[in-house]
Amino acid sequence: MPLQDYKLDMMRCEKDSVCKFVPLMMHDTKKYSEICPSIVRFNFHTYSGSGRLFHALGFIRGRHDYSDEMLNMVYNCQMCGGCDIACKAVRDIEVLETLIEMRVRCVEDGEIPDRVAEVIDGLKKENNMMISPKADRGKWADGLKMKDLAAERAEVCFHAGCRFSYDESLWPTLRGAIEILQRAGVDVGVFGQAENCCAGRAYEMGFQGELLTFMQSNLDAWKTAGAKIVVTPCSDCYASLKAWYSRFGNTVQVYHITEYVHKLIEEGKLTFSKTYPLRVTYHDPCHLGRLSEPYEYSAPGKPYIMDERPLASVKGICCVYDEPKPWRRGANGVYDQPRAILRSIPGVSLTEMERIRSYAWCCGAGGGVMQSNPDFAQSTARLRIEEAIDTGAEALVTACGWCERNFRDAMKSGDGPNIEVFDILDLVLKAI
Amino acid sequence: MPIQDELQKVVGKNHYRDDAETLDRYARDESFVHPIRPACVVYPQDASVVSSTIKWANETKTPLVPVSSGAPHFRGDTVPSIGGAVVMDLSGMKKIIRVSYREQLALVEPGVTFAELAPELEKEGLRPHMPLAPRHTKSVIGSYLEKEPILQPRHHWCPIDPLLTCQLILGSGDLLQTGSSKGLWSLEEEWKQKKAQKWWASESYDIVKISQASQGSVSVLTWSAIKCALLPKIHKIFFVPCAQIDPLVEVAYTLLRFRWGEELFIVNNHTLASLVAVKGEDIATLRDSLPRYTLIVGVAGFPEFFPEERVETQTRDIREVADRHGLPMVSSVAGLSGDEMAKTLYTVSEGTYWKKKQKGAFQDVFFATTLDYASLFIDEMYALAANQGYPSQDIGVYVQPMVQGTSCHCEFHLPYAPENQSETLMVKRLVTEGARQLALKNAYFYRPYGAWKTIAYERASGEEFAALKRIKEIFDPNDILNPGKVCF
Amino acid sequence: MKSEERVRDYLPVLKPKRNRLSREASDALRAILGPENMTEDPGVIDGYHNYTTGQVLGVGTMIAPPAVVLPGSTEEVAAIMRVLQRHKLKCCPITTNYGAPPLWGGITTKDMIYMDLRRMNRILTVDTKNQYVVVEPYVTAAQLNGELHKVGFTNHCTGPGPTIAPLATTTQGWGMGFDSIFMGWSGRNFLGGEWVSPKGEVIGIGAPGWFYPDSPGSAFYGALRGGMGPLGGLGVFTKCSIKIYPWAGQGEVKSGDQPKIHIERYPDHLKVYYLTFKSMDDMTEFMYMVNKANIGYGLDKNPPVGAVFVMTNSNDEAYNILASGIVDEIFGPPKVNVALAIGAFSDREFQYQLKVIEEIIALSHASTNDELREVYPDMAEQMYYHLAWNTGTAQGVFKAAGTFYVGISYMDTTDVCSDGSLLFGKLKKEYEDRGLLLQEGGESNWAAYYEGGTLGGLHTETIWQGDNSDLEQILGANDLFFKACKPWLDRGLTPFWGMHVGHFGALMGGAASTAYDYRCRIKKAFDPKNVFGNILYALPREDD
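Residue numbers (this note's numbering), protein chains in the order written: chain A, 81 to 512; chain B, 5 to 492; chain C, 411 to 954.
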């Protein structure tokens with residue numbers, strides 16, 4: 081939807097600053113009370129959800145034009161959705177959608193920071209977000225015996241995602257995921273080199289066209305391969321398929337690998353035979369959690385996104401839709417399954433951080449920030465690492481390749497806080 | 005026209021005096037401030053005369069010294085600091101304008117004393133918020149303006165309590181009324197509107213706060229609405245005795261935090277003996293029989309809503325707190341019962357002021373601090389006294405939590421025989437140099453009488469000092485109200 | 411008016427008046443702050459503009475400040491003041507809340523910069539013995555409570571909600587809060603501070619050690635605020651000591667995910683009631699009884715529609731309930747509704763308070779609405795969170811359509827405030843019936859007690875929800891306000907805060923103008939160049 085169609089949301093913000101903090105009822109310590117990495121780093125109100133709404137309103141009213149500083153503000157945001165769910169705890173306003181549409185508008189007007197442009201060029205040419213050759217995409221699967229969905233059919237498509245596919249340090253997790261699925265007798269295949277980016281990250285950077293193009297390609301490819309289910313270890317891809325694809329009218333039966341593994345554990349198809357003593361804390365990836373809620377539909381193929389905004393015609397009470405709108409407030413993300421998995425691994429004990437579930441602090445990698453401003457991405461990550469250390473945990477566990485990479489990059493210098501980082505699958509693999 | 009004629013025109017012949025005996029009386033008080041004779045004394049009977057007097061003073065640039073309580077005075081604030089001043093004695097303005105049980109307040113003029121007000125309030129089921137055993141001539145408004153702490157810290161929300169809407173005449177001569185209506189209507193009209201002057205300040209500055217503790221150098225209050233306490237149906241005073249003050253401070257902290265108890269303060273044996281002894285010569289004996297320190301806590305049940313249960317609940321809760329610190333909570337100490345104590349606290353005696361009973365004269369040293377520093381200051385004061393050779397057993401200690409326990413008024417009362425020159429000198433040194441020593445340890449002289457003025461403002465920053473002077477210039481541009489007091 | 415007609419961009423698309431800083435001023439500020447902590451970019455600056463200004467037709471949004479600065483220390487604030495003085499610029503200090511000009515601060519002239527105090531966000535001291543905290547400007551009530559609840563304390567939160575900055579409400583603003591019956595009036599919780607004057611002087615207010623608010627003798631703080639605060643119109647507080655209060659909500663265990671937080675275990679000594687009275691008179695007597703009984707931990711009279719928004723989790727949910735008519739049936743006029751909390755610190759005290767409050771409820775013939783749990787299953791949780799975290803205003807007032815309008819707020823006795831509520835309710839109904847305002851039912855005033863009801867009776871605020879995209883409604887709201895001024899005045903209702911500029915001030919006339927005069931003189935003495943340009947505070951007098 082065009083940016084100007086979010087005008088009422090922009091106008092209805094009353095700048096109470098709720099968007100900067102974890103939802104009010106969940107406050108614990110001051111140290112961990114904030115939810116917006118952008119304003120924590122840059123401090124100007126404009127960098128918060130509210131500020132971005134006012135900025136967008138000023139923009140559509142022609143009060144200001146593009147500038148480097150303005151684009152800096154627009155693109156220094158992980159699009160983590162923290163502001164969105166914090167606001168929606170007390171208000172009915174679409175914050176994140178407005179932020180995304182602002183970027184879509186920037187892209188439409190050709191106002192794209194160089195680093196972002198570089199990444200998207202790579203996407204267009206090489207079908208990935210990693211500025212890497214397309215030919216190398218399937219290398220992680222070398223030596224693995226499984227169906228090649230470019231030529232064969234399988235019930236389950238394992239979608240590795242760009243980050244996992246090109247980050248060699250993450251390949252053991254990928255290969256381990258395949259091992260788990262195959263052990264459980266799942267009819268699984270991969271596209272390997274032919275796998276396309278989900279384009280979710282590109283969409284969050286404002287490239288709606290690319291999302292639609294890649295979405296269609298992926299849907300076609302899955303259909304051709306006969307895949308009824310997509311399983312992915314990448315939370316970005318998960319949210320993309322589940323939320324963004326549904327936003328544009330397509331429902332995909334997608335599981336995050338943690339959902340699938342949890343299912344296997346519950347069904348008794350995956351059991352643990354070893355103990356792995358470790359005190360851990362779990363980081364909820366934004367894209368597995370609050371960003372993954374699908375859009376509901378008012379009719380088949382018709383997602384109920386902001387469309388018309390009639391006021392209530394009876395008594396003029398408040399702003400509502402003709403049909404009640406199903407609000408996405410972040411509560412229906414995947415939170416419990418990873419935790420259940422951790423609790424079921426012998427030896428592993430789980431201590432929670434303060435900011436968890438729908439109000440988790442972002443790892444810092446999302447929204448194109450990792451590519452366009454790695455310093456900001458890593459400083460955000462360091463705050464999360466510190467929070468993990470404060471729980472007394474020995475390790476920080478997550479379920480997203482982007483989160484894992486960003487945490488590791490943030491600790492490379494060795495100066496700041498330091499903790500061992502695992503993907504949840506790594507721990508599963510250690511114990512099976 | 006000579007001052008006499010001018011002023012008699014303003015205040016009326018009967019309310020003007022300049023005879024030697026009167027002038028001598030107002031030239032001094034029982035503090036150590038240097039006596040200075042006023043030019044005359046006037047006795048306005050209502051606000052309009054106060055206003056006219058102040059306007060006259062502005063026109064003639066004559067200093068005015070407002071006084072609201074009757075003698076004796078002890079702080080030096082009623083003694084002119086400059087020659088040619090006119091004392092404006094408001095103690096004759098004695099109207100109790102209104103009492104309202106429903107709104108739990110009274111409206112009074114500046115000359116109304118606690119002794120006069122209490123029985124009127126009692127008729128309506130109320131009682132005044134009392135300072136500790138005020139003298140018979142003490143003005144209610146005077147006490148509150150001077151920030152004398154009240155006995156019930158749970159009702160002391162901020163230093164300006166219990167003052168509500170006030171009418172004041174500024175040093176400039178302008179009349180201000182605080183509260184929500186600003187004097188747009190007469191009091192009678194407001195009462196018809198069901199208003200009761202119950203809001204305290206509707207402006208973005210607080211003229212009463214600026215006037216408080218300024219020793220009459222910013223404005224003159226001509227009436228004030230004041231919060232009143234409910235008159236209990238059941239009222240019990242308990243004592244928690246202890247040889248040291250620190251455990252009592254811990255008990256006090258808990259009671260203050262949970263707002264248990266009405267009256268709540270700590271005294272040493274000397275203060276307690278001085279309060280209750282009938283004769284001065286009995287004080288020493290009584291003192292020796294009393295615990296070194298006593299926390300005094302009152303528990304009340306009000307006529308509405310289960311007074312017995314309220315008393316029972318609070319008594320047990322407070323006793324548990326005392327028990328946790330290994331302290332007894334008793335209803336009498338050394339023959340002094342809670343009922344007698346209650347009477348002492350709420351009956352204003354006409355006899356000799358209790359602080360003067362022992363030796364005929366006294367000085368106080370008092371300041372604000374936090375409760376956890378009380379024992380440090382007590383030790384310090386004893387050391388200073390020992391240094392001077394002043395008998396430490398004669399030092400009265402009174403620690404009154406203020407502002408719901410966020411601070412406390414720490415007071416040392418030092419009786420002395422005025423005819424005893426060496427003892428007088430000792431006390432004088434304690435009140436001046438001793439106070440300076442205490443200030444160095446962060447005793448906060450929030451009511452800077454006499455020599456404390458210099459001490460207090462030495463510790464304040466230059467910018468604050470300058471800012472306060474600017475305030476004075478706004479509200480009393482001709483510096484006619486009690487010049488030379490505070491920092492102005 | 412049809413819905414599609416309401417959605418209009420009523421603010422003309424004008425290029426705002428944008429001033430630019432002179433090169434010298436810009437360089438001077440940058441030298442103090444560094445490039446990261448200052449912006450002159452129009453886009454970034456526009457992110458500061460609050461559009462919840464329907465009541466005043468968005469006047470502030472027509473002006474764009476030339477810069478936003480982010481000082482990180484008192485020294486930087488003082489240095490900024492000196493630059494502003496030298497370059498004849500003005501300043502609007504802001505923290506977490508609204509900033510909507512001109513009512514709650516905000517830009518009112520084109521040479522005014524925003525001073526965003528976000529970087530000054532530390533809790534410096536928590537002294538639970540002496541019951542105070544020392545905070546910097548950007549600490550929020552929620553952050554403070556997060557720390558304080560763990561040690562058995564809490565802090566007063568005014569109506570705008572827990573993202574308020576306690577320093578700002580204590581030194582600059584004011585407002586009723588659900589907890590005010592127990593935790594008082596924000597400005598009176600001040601125990602000391604550090605203030606930077608418009609000239610850049612740094613002045614410590616109150617005792618060293620933060621425990622006593624007044625200067626020796628005459629209290630300088632009295633010049634900086636009274637009942638009303640200066641709303642950013644007179645200097646900047648960079649630190650503030652604030653009284654804290656014992657927290658009766660300990661022992662709570664909660665679960666679930668927002669917005670559906672479930673309380674598994676309620677605090678031992680805290681209970682919230684939602685009471686309905688048959689009439690304003692009954693409610694009035696109830697208030698007086700609560701006052702005389704010396705109990706009450708939270709108290710909030712609110713219109714039923716506000717309570718519905720507080721107790722539901724979406725507008726749709728609220729709308730369904732309201733449109734069904736059940737709320738009118740149960741709560742509608744002449745009934746009046748109050749949320750009350752009792753809180754105690756021992757079992758026996760709690761039992762005593764329960765007994766007392768139930769007696770008072772019976773004597774005032776109030777309903778406790780227990781049967782409503784079928785309609786509002788989350789009733790108790792939401793009312794409790796209203797107390798604990800004061801989510802109320804964001805949910806109860808803004809949620810309906812994004813803004814609210816406020817008439818005068820008055821204070822004196824509960825009797826007069828109750829009469830005022832009824833008076834305003836009648837005036838407002840006319841506008842509702844004409845479709846010029848959102849329907850709220852009842853007389854729709856919010857009210858609270860301070861200091862157990864001993865300070866100023868029942869603070870009553872005429873607040874009503876509004877839609878700031880609807881020009882007719884905005885005009886209607888403004889019209890109602892102006893039309894109500896005279897009836898208010900005739901009834902003896904005046905704003906408890908000094909509103910002597912504009913329409914009400916003109917009506918009040920001479921009696922109020924002397925007080926305003928002195929406010930202007932204070933302004934002139936400390937801010938002769940009008941660096942802090944909030945026009946609602948004061949303007950320096952031309953003839954001084």
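Even glycine gets a Cβ: it sits at the ideal position worked out from N, Cα and C.
Quick check: the Cα distance between residue i and residue j, rounded to an integer number of angstroms?
i, j, result
"residue 83 (chain A)", "residue 592 (chain C)", "46 Å"
"residue 393 (chain A)", "residue 401 (chain A)", "Because residue 393 (chain A) carries a pLDDT of 45, less than 50, the predicted location of this residue cannot be relied on, and no value is offered for it."
"residue 339 (chain B)", "residue 98 (chain B)", "38 Å"
"residue 469 (chain C)", "residue 149 (chain A)", "Here residue 469 (chain C) scores only 49 on pLDDT, less than 50, and its place in the model should not be relied on; the value that follows carries that caveat. Near 26 Å, if we compare the C-alpha coordinates of residue 149 (chain A) and residue 469 (chain C)."
"residue 703 (chain C)", "residue 870 (chain C)", "21 Å"
"residue 267 (chain A)", "residue 303 (chain A)", "15 Å"
"residue 726 (chain C)", "residue 405 (chain A)", "7 Å"
"residue 223 (chain A)", "residue 796 (chain C)", "60 Å"
"residue 441 (chain A)", "residue 107 (chain A)", "13 Å"
"residue 643 (chain C)", "residue 581 (chain C)", "11 Å"
"residue 757 (chain C)", "residue 885 (chain C)", "53 Å"
"residue 577 (chain C)", "residue 569 (chain C)", "15 Å"
Would residue i and residue j be called neighbours here (beta carbons separated by less than 7 Å)?
i, j, result
"residue 132 (chain B)", "residue 84 (chain B)", "no"
"residue 970 (chain C)", "residue 774 (chain C)", "Given that chain C is displayed from residue 411 to residue 954, the structure contains no residue 970 (chain C) and the question cannot be resolved."
"residue 746 (chain C)", "residue 714 (chain C)", "no"
"residue 255 (chain B)", "residue 294 (chain B)", "no"
"residue 287 (chain B)", "residue 362 (chain B)", "yes"
"residue 415 (chain A)", "residue 444 (chain A)", "no"
Taking buried to mean at least 16 other C-beta atoms within 10 Å of its own C-beta, is residue i buried or exposed?
i, result
"residue 263 (chain A)", "exposed"
"residue 672 (chain C)", "exposed"
"residue 156 (chain B)", "buried"
"residue 446 (chain A)", "buried"
"residue 182 (chain B)", "buried"
"residue 282 (chain B)", "exposed"
"residue 954 (chain C)", "Confidence at residue 954 (chain C) is low in this model, with a pLDDT of 49, below 50, so its placement is unreliable and no value can be given for it."
DSSP puts residue i in a beta bridge; with which residues?
i, result
"residue 340 (chain B)", "B:337"
"residue 336 (chain A)", "A:312"
"residue 362 (chain A)", "A:477"
"residue 559 (chain C)", "DSSP lists no partner for residue 559 (chain C)."
"residue 69 (chain B)", "B:91"
"residue 653 (chain C)", "C:542"
Under 8 Å: do the region 148-159 of chain A and the region 186-202 of chain A share three or more Cβ pairs, one atom per stretch? yes
Would you be able to state if there are at least three C-beta pairs under 8 Å between the region 626-639 of chain C and the region 651-661 of chain C? no
Quick one: any contact between the region 191-201 of chain B and the region 99-114 of chain B, if contact means 3 or more CB pairs under 8 Å? yes
Count the CB pairs spanning the region 935-946 of chain C and the region 605-614 of chain C that are closer than 8 Å, and state whether there are at least three. yes
I'd like to know if the region 748-764 of chain C and the region 843-852 of chain C are in contact, where contact means that at least 3 CB-CB pairs between them fall below 8 Å. no
Taking contact to mean at least 3 C-beta pairs separated by less than 8 Å, is the region 880-894 of chain C in contact with the region 615-622 of chain C? no
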